[in-house]
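Sequential numbering of the sequence shown, starting at 169, is according to the numbering used here.
Notes follow once the structure below has been shown.
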Amino acid sequence: MRIQGKMFIWLSVFVLAMAVVYGVWSKEPAGTTALFLAFGLCIMVGYYLAFTARRVDAGAQDNEDAEVSDDAGELGFFSPHSWQPLSLAVGGALAFLGVVFGWWLLYFSAPVILVGLFGWVFEYYRGENRTQ
169 MRIQGKMFIW
179 LSVFVLAMAV
189 VYGVWSKEPA
199 GTTALFLAFG
209 LCIMVGYYLA
219 FTARRVDAGA
229 QDNEDAEVSD
239 DAGELGFFSP
249 HSWQPLSLAV
259 GGALAFLGVV
269 FGWWLLYFSA
279 PVILVGLFGW
289 VFEYYRGENR
299 TQ
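Following this line, the structure appears as structure tokens:
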């Protein structure tokens, strides 16, 4: 993680320089603010990665002689399938259509969103994927 921290810190230096140049040159407040906020985000991520890299073991990406296979292994747990994102997408689409056509459409979208959210949160507590 050391290299990622350094990359974000150098990126933040670049974004800060561009924010100053853009702000002086254009005198436009919205873009200047966005660039300064991007600087803040880059410095936060870079500091976090550099701070964390000191407390964890060196990874394969920190070794210049490492092979790609040195970083192989389990990446994490991923759900095999889930219908809940589809329910949330339909409910979200109905909610945004409610903004366009009328707020009454939110009465139909709210239950769909709530059912999808409830199902997604509790999907591993019932049915075939039950883990407890």
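Don't be surprised by glycine CBs; every beta carbon is placed ideally from N, CA and C.
- Query: Counting Cβ pairs, one atom from each stretch, are 3 or more of them under 8 Å apart for the region 273-286 and the region 252-265?
  - Reply: yes
- Item | Three-state secondary structure (DSSP) of G266 | Here residue 266 refers to the residue found at position 98 of the sequence shown. If DSSP states are grouped into helix, strand and coil, G266 belongs with the helices.
- Hey, quick one: how far does the alpha helix (DSSP H) through R170 stretch, first residue to last? Stepping through the sequence shown from its first residue, residue 170 is reached at position 2. It spans 170-194 - the alpha helix (DSSP H) in which R170 sits, taken as one unbroken run.
- Task: Report the option in F246, V183, T200, A185 whose CA atom is closest to the CA atom of G191.
- Result: Along the sequence shown, one-based indexing puts residue 191 at 23. G191 has its Cα closest to that of T200, out of F246, V183, T200, A185.
- Query: If you follow the alpha helix (DSSP H) that W271 is part of, which residue opens it and which one closes it?
  - Reply: Residue mapping note: residue 271 aligns to position 103 of the sequence shown, counting from 1. Note, W271: premise wrong, no alpha helix (DSSP H); not H, not E.
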